[in-house]
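Asks: After the structure tokens below, expect a handful of questions from me.
In this note's numbering, the protein residues as written are 10 to 187.
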């Protein structure tokens, strides 16, 4: 399955303020869950273009294998095409053997949603609190989609710190090397 994805991530200053804002926007709290992402090594030419592949385990059960190419930028207008397939423990073992594990990211994810927009309040082990806004659709994203995304982000900005560059594995890797 392929999806068109627009997202940006920030360090959070205030989850309570974000929750109140999301409620005002009409977003619904869907679930809070534990996620463990296994990031796999990729060829250098893929790494150079910001490609990542991870297997997500949710609440102890392998859920999906995810591949995407997105440059490491703080620009909220950068779109990625995301490919994902269902996964199980055999998929995890195969990828560990074939690619090797680059790193593991563990987080508690509080997921909120309004229409095609997902808001994640993540507490990432060894990193801290992150807020991610993500618009994901089967069809191409439109100017209207981008405007909606920007308006939601503007409403959340008072509760956000610095933008986070890269993916969670980059943040964990940076923290470990300090």
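Glycine included, each C-beta is placed from N, C-alpha and C at the ideal position.
When the Cα of residue 62 is compared with those of 181, 112 and 145, which residue comes out closest?
Replies: 112
Asks: Which whole-angstrom value describes the C-beta separation of residue 169 and residue 19, a residue pair presumed to lie in contact below a C-beta threshold of 8 Å?
Replies: 4 Å
Asks: Relative to the C-alpha of residue 67, which residue among 54, 27, 60 and 47 is closest?
Replies: 47
Asks: Closer than 8 Å by C-beta to residue 73: which residues in its own chain qualify, once you throw out the five before and the five after it? Chain order, please.
Replies: 64, 65, 93, 94, 95 and 96
Asks: Considering only the beta carbon of each residue, do residue 154 and residue 141 sit closer than 9 Å?
Replies: no
Asks: With DSSP as the reference, identify every bridge partner of residue 182, one or two as the case may be.
Replies: In DSSP, residue 182 forms no bridge with anything.
Asks: Residue 109 to residue 49, Cα distance in whole Å?
Replies: So the alpha carbons of these two residues sit roughly 6 Å apart.
Asks: According to DSSP, simplified to helix, strand and coil, what is residue 53?
Replies: helix
Asks: I'd like the span of the alpha helix (DSSP H) that includes residue 171, first residue to last.
Replies: Boundaries around residue 171 are those of the beta strand (DSSP E), 169-172, since no alpha helix (DSSP H) includes it.
Asks: Cutting at 6 Å between CB atoms, please list the residues of its own chain near residue 115, excluding the five before and the five after it.
Replies: 45 and 134
Asks: Just grab the DSSP bridge partners of residue 77 for me.
Replies: 61 and 91
Asks: Please state the DSSP three-state secondary structure of residue 109.
Replies: Coil at residue 109, not helix or strand.
Asks: At what residues does the beta strand (DSSP E) containing residue 132 begin and finish?
Replies: 126-133
Asks: Do residue 78 and residue 58 have their C-beta atoms within less than 9 Å of each other?
Replies: yes
Asks: Answer yes or no: do residue 34 and residue 146 have a C-beta to C-beta separation smaller than 9 Å?
Replies: Their beta carbons are not under 9 Å apart, which means residue 34 does not touch residue 146 by this criterion.
Asks: Looking at the structure shown, is residue 177 part of a helix, part of a strand, or coil, going by DSSP?
Replies: helix
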